Amino acid sequence: MRFRTLPDTDQLPRALYTAAQVRGFDRLAIERFGIPGLDLMERAGQAAFDLIRRCWPDAGRVAVLAGTGNNGGDGFVVARLAHEAGLQVQVLQLGDRSRLRGDALRNAERWRQSGAQWSDFRSLPDSVDVIVDAMLGTGLERAVGGQWAAAIAAANAHRAPCLAIDLPSGLHADSGAVLGDAIRASATISFIGLKLGLFTADGPDCAGDVYFDGLGVPAAVYAGSPLSARRLDWQKQAGLLGPRRRNVHKGHFGHVLVIGGNQGMGGAPRLAAEAALRTGAGLVSLATRPEHVAPVLAARPEIMVRGVGDPESLQPLLRQASVVALGPGLGQDDWARAVWHLAIGAGRPLVVDADALRLLAGEPSRRDDWVLTPHPGEAAALLDVCGAEVNAQRFDTADQIQRRFGGCVVLKGAGSIIACGGSVPPAVCSEGNPGMASGGMGDALTGVIAGLLAQGMDLRDAAESGVCLHAAAGDVASRAGGERGLLASDVVAELRGLVNQG
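Everything in the sequence shown is counted per my numbering, starting at 6 for the first residue and increasing by one.
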């Protein structure tokens, strides 16, 4: 997923808003700042048409799927501008035309008066170069059905690329959940404020490349409304890792202790440990089952690996550590539970992942010095809900876990969400790729965050920067050989280059 702005700038807005907030901004621009709604609709249509010309300059045939609300009104403007530019344009209407109102109706009338094609949707013709999705916009709250679902399915099956106006139809603007079915756009152009749902859950799949146009709305419109979330990437976070002084030694950069690797699972903690080293931790120890010691030492001698058969032998290692990464390959047997209790009680900052989260779900506690990194299944266990509820409300899920367990919460997945409570809104990472859906990626993330904590970052910065660094490393690794077959070790290998770009 790539993010761009119109007109060309180097920055996409980092503030994310709910659909209700953006509707409020639109209303303020009209009522308080005197920008006619018709002008805003014209600007939106012009921006969308300009984007078509930029992305698909050879397109000569355009089909506009138009609904009956303001999103449809934007579509009528696109259709008119394309027609005036000499393109062949068809408007395919969804919904009852008699329900068109206000500015949308005025633009529909202008289209009708042009004498160009306007018919009810039956199907999409094959002879189309670009499809414009102007059906539903941001107001959808229930699953699509009937002709709407048929139009979405037809657009998704068509060979032509699709441009979504403001939001892909069928996508929930706030949660990023698909409501029945949703447009899979090649590009989406969002107006006035970026919507939360574009950046998490199914949003990245549905939106394609994201563009933005503020439509000339003055900055004062946004002043009275706090943003709902922040969009982060490694470019934004990299500056937190400044250059190192010359007169330093390994003790200045912390000591990470990774605890995990039950029988048959020695690779997980090894990945976490190496990720902590590659992120810049001064020392990294690994406490694991004794049978994993030799393989880890052979593969990465820089890791100080200790066999822990008797859980009590963990105590001196805990006393030496400045940060504990707990959970990769830990398991849930008696050994795992014993070392988990020791680690939780050691008074060290923690990064808690994998099986350690399952154990926490069974014995809940709250503290302010840990980062919890659940995937959706682990999040469901922590809240005792079904996985579908997590995926349908990712921002709310991260917030609930944070309020219940404290610290910072990283809800992993497409558009990982970082919630740390307090007055700062949650963050969502806009990097990463589907090649990272493979074993060991979460273990690597655990090590990255632990490595940043060891170097002195506070909890929020380590969680947010760790997620972005891990995602950016995944993107670099995928560019080298593609997404399929991407390994966690490929991602770990890219960390060093990125942490030295700050």
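Cβ coordinates follow ideal geometry from the N, Cα and C atoms, glycine included. All values reported here derive from a predicted model rather than from experimental measurement.
- Within the same chain, no residue comes within 6 Å of residue 102 by CB-CB distance, once the 5 residues on both sides are set aside.
- Contact between residue 56 and residue 280 fails: their C-beta atoms lie close to 39 Å from each other, not under 8 Å.
- Counting every other CB atom within 10 Å of its CB across the protein chains shown gives residue 248 a total below 16, marking it as exposed.
- With a cut-off of 8 Å on Cβ pairs, the segment 463-475 is not in contact with the segment 293-311, counting fewer than three such pairs.
- Rounded to whole angstroms, the gap between the alpha carbons of residue 214 and residue 267 is 42 Å.
- In terms of CA proximity to residue 180, 25 leads the group 462, 458, 25, 303.
- Here the alpha carbon of residue 51 sits roughly 15 Å from the alpha carbon of residue 67.
- Rounded to the nearest angstrom, the Cβ distance from residue 258 to residue 460 is 5 Å, consistent with a contact under 8 Å.
- With contacts defined by Cβ atoms closer than 8 Å, residue 139 and residue 228 do not form a contacting pair.
- In this structure residue 375 is in contact with residue 357, their Cβ atoms being roughly 6 Å apart against a cut-off of 8 Å.
- Using a C-beta cut-off of 8 Å, the segment 217-224 makes no contact with the segment 444-454, since fewer than three inter-stretch Cβ pairs fall below that distance.
- Taking the Cα positions, residue 405 is about 13 Å away from residue 371.
- Shown here for residue 64: same chain residues with a beta carbon closer than 6 Å to its own, the five before and five after excluded, namely 134, 135 in chain order.
- For the pair residue 387 and residue 412, the CB atoms are not nearer than the 8 Å cut-off.
- Contact check for residue 142 and residue 75: beta-carbon distance about 7 Å, within the 8 Å limit, so the pair qualifies.
- Taking a C-beta distance under 8 Å as the contact criterion, residue 159 and residue 129 qualify as a contact pair.
- For the 8 Å CB-CB criterion, residue 69 and residue 246 do not form a contact.
- With a cutoff of 8 Å on beta-carbon distance, residue 491 and residue 482 are scored as near each other.
- Straight through space, the alpha carbons of residue 45 and residue 475 are spaced by roughly 39 Å.
- Residue range 464-486 is occupied by the alpha helix (DSSP H) that includes residue 471.
- For residue 407, the number of other beta carbons within 10 angstroms of its own is at least 16, and it is reported as buried.
- Checking the DSSP bridge columns, you'll see residue 357 partnered with 331, 377.
- Rounded to whole angstroms, the gap between the alpha carbons of residue 92 and residue 204 is 33 Å.
- Close CB contacts of residue 123 within its chain, under the 7 Å cut and outside five residues either way in sequence, are with 96, 98, 116, 117 (chain order).
- Close CB contacts of residue 288 within its chain, under the 6 Å cut and outside five residues either way in sequence, are with 255, 260 (chain order).
- For a cut-off of 8 Å, the C-beta gap from residue 276 to residue 448 is around 4 Å, short enough to register as a contact.
- Taking C-beta separations shorter than 6 Å and ignoring five residues to either side along the sequence, the partners of residue 441 in its chain run 479, following chain order.
- For a cut-off of 8 Å, the C-beta gap from residue 473 to residue 237 is around 5 Å, short enough to register as a contact.
- For residue 346, the uninterrupted alpha helix (DSSP H) segment begins and ends at 339-349.
- In the three-state reduction of the DSSP assignment, residue 125 falls in the strand class, which pools E and B.
- As summarised for the segment 389-440, the continuous alpha helix (DSSP H) elements at least 4 residues long and confined to that stretch are 392-397, 399-410, given in chain order.
- Beta-bridge analysis with DSSP links residue 200 to 22.
- Taken through DSSP and simplified to helix, strand or coil, residue 178 comes out as coil.
- A residue is called buried once 16 or more other Cβ atoms fall within 10 Å of its Cβ, and residue 202 is buried on that count.
- Membership of residue 292 in any alpha helix (DSSP H) is not indicated; the residue belongs instead to the beta strand (DSSP E) covering 288-293.
- For residue 437 and residue 241, the gap between their C-alpha atoms comes out near 15 Å.
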